[in-house]
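To start, the structure under review is shown below, and the notes come after it.
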Amino acid sequence: MARKTSTPAYLKIAIDIASRIVNGDFVEGEKLSGRSTLASLYNVSPETIRRSIALLKDMDVVEVAEKSGIKITSKHNANEFLKKFKTKSEFTNIKEEIYNLINEKKVLEKKLENNIQNLIEFATQLRNVGLIVPYESLVEPNSLIIGKSLGELNFWHNTGATIVGIKRGEQLFLSPGPYFTINEKDIVVYVGQNEDVIGKVKNYITSIKEL
1 MARKTSTPAY
11 LKIAIDIASR
21 IVNGDFVEGE
31 KLSGRSTLAS
41 LYNVSPETIR
51 RSIALLKDMD
61 VVEVAEKSGI
71 KITSKHNANE
81 FLKKFKTKSE
91 FTNIKEEIYN
101 LINEKKVLEK
111 KLENNIQNLI
121 EFATQLRNVG
131 LIVPYESLVE
141 PNSLIIGKSL
151 GELNFWHNTG
161 ATIVGIKRGE
171 QLFLSPGPYF
181 TINEKDIVVY
191 VGQNEDVIGK
201 VKNYITSIKE
211 L
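Each residue of the sequence shown is one higher than the one before, counting from 1 in full-length UniProt numbering.
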């Protein structure tokens, strides 16, 4: 699910007031309505208005005096406040987009894992009737693929075969993910359209890496 961060009400109001100052609706030296009036205008609590004005005061957009109320002091600072908010907002949007892309990637990887698992089960069923057979190839010492992840290998692109598992000693890793790293003496379990892939896989995984 995509994550969306909402802007707090006090910040929206501060932005609106700053925008009106920049646009000339409010001018420097002008006094704004009291907090209660602003609260009614924006349909929020006086505390929300207090936070909005406090933020603008911190940015030297307005000044607040106990008896004279809220006074606009700087159109320039109002504009600078809007620029800072825009930069922060863009940064937040980028973070949210990265978060959403990571989630989408996880969903795709899970879907791929499930499809490979289904392929293994289907291949096992077809093997029983002689329609498809998973093949195995040993990773010899000095093989070019040792130390590389499955994602780096582009296995299907280079061989036309799909890896469905890796045997390592007594362990069998079914549908290993893209970050799974190949070790010496691993046994690659794969399927392909025809027996031609056996030679292609053998040539690929027995290629000697340069010393």
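Glycine is no exception: its CB is placed at the ideal position from the N, C-alpha and C atoms.
Check	Outcome
Sheet register partners of GLU63 (DSSP bridge)	LYS71
Per-residue DSSP class, three states only, for GLY151	helix
Touching by the beta-carbon criterion (3+ pairs, under 8 Å), the region 20 to 27 and the region 70 to 82	yes
Where LYS105 sits in the DSSP three-state scheme	helix
Burial state of ASP25 (16 or more Cβ within 10 Å)	exposed
Integer Cβ distance of ILE53 from VAL64, believed to fall under 8 Å	6 Å
DSSP state of GLY177 mapped onto helix, strand, coil	coil
Identity of the residues DSSP links to GLU96 by a beta bridge	Answer is none; GLU96 lacks a bridge partner.
GLN117 (DSSP reduced to helix, strand or coil)	helix
Identity of the residues DSSP links to THR162 by a beta bridge	VAL191
Through-space distance from LEU119 to PRO8, alpha-carbon basis	49 Å
Collapsed DSSP secondary structure at LEU138 in the structure displayed	strand
VAL189 beta carbon less than 8 Å from that of GLY160	no
Alpha-carbon spacing of SER143 relative to THR206, whole angstroms	5 Å
Cβ neighbours of TYR179 in the same chain (closer than 7 Å, five flanking residues each side left out)	SER149 and GLY151
Per DSSP, the bridge partner or partners of LEU172	LYS167
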